[in-house]
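2 protein chains.
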Amino acid sequence: MADGLPADSRQRFSQFVLQLQDEVCQALEALDGRGKFHEDSWEREEGGGGRSRVLREGAVFEQGGVNFSEVWGKELPPSILKQRPEAAGHQFYATGTSLVLHPRNPYIPTIHLNYRYFEAGPVWWFGGGADLTPYYPFAEDAAHFHREHKQACDQHHPDYYPVFKRWCDEYFYLKHRQETRGIGGIFLDYQDGQGELYRGPYPDSAAANYSRELGPVAPRSWEQLFAFIQDCGRAFLRAYLPIAEARKDMPWGDRERNFQLYRRGRYVEFNLVYDRGTIFGLQTNGRTESILMSLPPLVRWEYCYHPAANTPEAELYERFLKPQDWANYVAKG
Amino acid sequence: MADGLPADSRQRFSQFVLQLQDEVCQALEALDGRGKFHEDSWEREEGGGGRSRVLREGAVFEQGGVNFSEVWGKELPPSILKQRPEAAGHQFYATGTSLVLHPRNPYIPTIHLNYRYFEAGPVWWFGGGADLTPYYPFAEDAAHFHREHKQACDQHHPDYYPVFKRWCDEYFYLKHRQETRGIGGIFLDYQDGQGELYRGPYPDSAAANYSRELGPVAPRSWEQLFAFIQDCGRAFLRAYLPIAEARKDMPWGDRERNFQLYRRGRYVEFNLVYDRGTIFGLQTNGRTESILMSLPPLVRWEYCYHPAANTPEAELYERFLKPQDWANYVAKG
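Just so you know, the protein sequences line up as chains A and B, in that order.
Here our numbering is used: the first residue of the first sequence is 1, the next is one more, and so on.
Here our numbering is used: the first residue of the second sequence is 334, the next is one more, and so on.
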């Protein structure tokens, strides 16, 4: 067993994410007022299983899915072994929770959260994050979402937020559209308490450069990282609920609905073309319905759509779909 | 220049696909009666460009795209070099046409066609095919579509259809759903006139085994392969139009529409997760709007949908979404 790894590491992380799943589902049902989560438990042939919860046709949420899974198997897929060659030839254990909510009102952003934990032979690591995808965006919502996550990070290390915020902007990027997926949040992966914080595949990215400039962080124990991940997970409801509350009664019509359905197409493009969580799930014979629960219930594509100048739709592209320092946003006026 | 390659090979192939684009668009407009194709010409920074044509909100076709592109650049992307290592370090030229039609009436199948030609250093090859994706299927339509393509193939070599039909079933397969995309057709790639017909990445697949059993085919010249590809391309209208004609006035309602929108989700999943044409386009900085023109205008996802027993929807899954010998189908009764 690797140095400093508690004997009950797996149970402790899976207990945490199961509890987070409970807390989050309860709070979302309360906000929605009508929709209820329905639960499916499932088993995976090669080992492990999960507990998927889906809310459909709610008052606030058109669809929401909150997954828990705990899987093990002979060896991690090549996409992960490339980043973690020490895990090659070893059995793996992976557990985590992931959540995607597709609200009905186009003024409420779509939200994604995922926290996960891996063990494989000599190595273990934490990963995950949360990011917000608005359709008709509000700068104050973006600032609130980032500040809550910054606060959770800052309690543990001053370098966490600036690196993980940049990593999120880098990760949730649609290269073929030259757009970020939304206004970001935080994203981290392969966190084992050693060395530089950035462990992504792009050594020349803004996140990588920033992390390199900061230099390696002092070693942190499993306990320290687990405490950090718990605080990030617990920041979710504080970060998202006030936004959904503030926007849920704003009136909207066909124009807003059409734009929301169109922009949901980007969510599909990101999840199917780029998302490592989706690819990991499909490569490891995960439960397809739970993996693709993140896809929106209704989506539109339109050839060569461009928003008209000086519209809220154009503002989304010009201001919100590129990395911004939202935590330090100050309203003008 | 490789042996037997005519000096005007590129022009001849691109002329053929441009003409095919014209013929097909004209015939589809005539069938639709209302919709017209609108053309965009575009250039690609690294070299080349294309001519995209899109029909929207037609009477028969909700959306249809017929692309022509001709691109060149420094080197082919790694996904192709893996199959064609001789092309490494060489400039490439690639031209082709691709078409996807999303009909309004759920009784008309979606159709895809693509024929393409590559040159890179010492190597050249042809690829492409056509495949049919019904929602509410008819066995006689599936049989007709396959027979027209078999006939085009059989004029050139008796082994073509049986290998390329199996290859199509293998290629248009959604592993995470354990479903074929539709009822298949033909698919071929890396055809340079040498050796075994199957050149796909799965040496243990039905297509590979069948091709190996047959053994290598006698060498065929560029001219012979070009004539074959032309006949396949020209088979398209004969194969598809009678099906669309026969089904376009069948009445349908919400139930059929909902199922069509749901099944269109599989089209999106295939194109974004598996399709090599899409991945090639996105990897080579192709024109995103033209590449993703294949995505349906409106799509639905539904968590854990299963068709009720003894319904036409169930029949699609049970009978049509697995490989069948459609060319030899005989109606019972």
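Beta carbons are placed, not taken as given, at the ideal position from N, Cα and C, and that holds for glycine.
Check, Outcome
"Partners in chain A for P629/B, counting only beta-carbon separations shorter than 7 Å", "W301"
"Minimum Cβ-Cβ distance from H112/A to chain B less than 8 Å", "no"
"Residues that E289/A contacts on chain B, provided the C-beta gap is smaller than 7 Å", "Y636 and C637"
"Between the CA atoms of I279/A and V456/B - distance to the nearest angstrom", "33 Å"
"Contact with chain B by V123/A, beta-carbon distance below 8 Å", "no"
"9 Å Cβ cut-off: residues of chain B touching V282/A", "In the sequence as presented, Val is not what sits at residue 282/A; that position holds Leu. Under the 9 Å cutoff, chain B gives K508, H509 and V606."
"Separation of V550/B from L334/A, as counted between CA atoms", "The question about residue 334/A has no answer, for chain A in this structure spans 1 to 333."
"Nearest-angstrom Cα separation, counted from V404/B out to S347/B", "11 Å"
"Three-way DSSP call (helix, strand, coil) for G159/A in this model", "For the sequence presented, residue 159/A should be read as Asp rather than Gly. Coil at D159/A, not helix or strand."
"Inside the segment 251-326 of chain A only - alpha helix (DSSP H) runs reaching at least 4 residues", "254-273, 276-283, 288-291 and 312-315"
"Outcome for H479/B when other beta-carbon atoms lying within 10 angstroms are tallied against a minimum of 16", "buried"
"Minimum Cβ-Cβ distance from V54/A to chain B less than 8 Å", "yes"
"Proximity to H157/A [Cα-Cα], best of A327/A, T284/A, I229/A and P307/A", "I229/A"
"Where the alpha helix (DSSP H) through S385/B begins and ends", "No alpha helix (DSSP H) contains S385/B, which is instead part of the beta strand (DSSP E) from G381 to R389."
"Stretch-stretch touch, CB-based, cutoff 8 Å, three pairs: the segment 76-93 of chain A with the segment 111-125 of chain A", "yes"
"Own chain partners of Q151/A with C-beta closer than 8 Å, once the 5 adjacent residues on each side are dropped", "A235"
"Between the CA atoms of G96/A and N114/A - distance to the nearest angstrom", "7 Å"
"V163/A classed as buried or exposed, judged by whether at least 16 other C-beta atoms fall within 10 angstroms", "buried"
"Cβ neighbours of N271/A in the same chain (closer than 7 Å, five flanking residues each side left out)", "T278, S294 and L295"
"Proximity to D328/B [Cα-Cα], best of L361/B, A539/B, I576/B and R386/B", "Past the edges of chain B, shown from 334 to 666, lies residue 328/B, and the structure says nothing about it."
"Nearest-angstrom Cβ-Cβ length linking G380/B and G397/B, presumed shorter than 8 Å", "With a Cβ gap of about 28 Å, G380/B and G397/B do not count as contacting."
"Paired residues, beta bridge with V66/A - DSSP", "R53/A and L99/A"
"Nearest-angstrom Cα separation, counted from R56/A out to H102/A", "10 Å"
"Min CB distance E395/B to chain A below 8 Å", "no"
"Cβ separation of A475/B and E503/B, assumed to be a contact under 8 Å, to the nearest whole Å", "17 Å between Cβ atoms; not a contact."
"Nearest-angstrom Cβ-Cβ length linking G50/A and S290/A, presumed shorter than 8 Å", "6 Å"
"Among R590/B, S431/B and L338/B, nearest to Q440/B - alpha-carbon criterion", "This sequence places Tyr at residue 440/B; Gln is not what is there. Selected option, being the one with the closest Cα: R590/B."
"Inter-residue spacing [alpha-carbon to alpha-carbon] between G391/B and G366/B", "8 Å"
"Cβ contact check for the segment 296-313 of chain A and the segment 639-646 of chain B: 3 or more pairs under 8 Å", "no"
"Bridge-paired residues (DSSP) for W42/A", "G50/A"
"Interface flag, L625/B vs chain A, CB-CB below 8 Å", "yes"
"Beta carbon proximity, E356/B to chain A, threshold 8 Å", "no"
"Assigned exposure category for E303/B - 16 Cβ within 10 Å defines buried", "One cannot answer for residue 303/B here, as it falls past the ends of chain B, which runs 334 to 666."
"Runs of beta strand (DSSP E) wholly within the segment 105-171 of chain A (minimum 3 residues, chain order)", "110-120 and 123-133"
"Distance, D487/B Cα to L530/B Cα", "14 Å"
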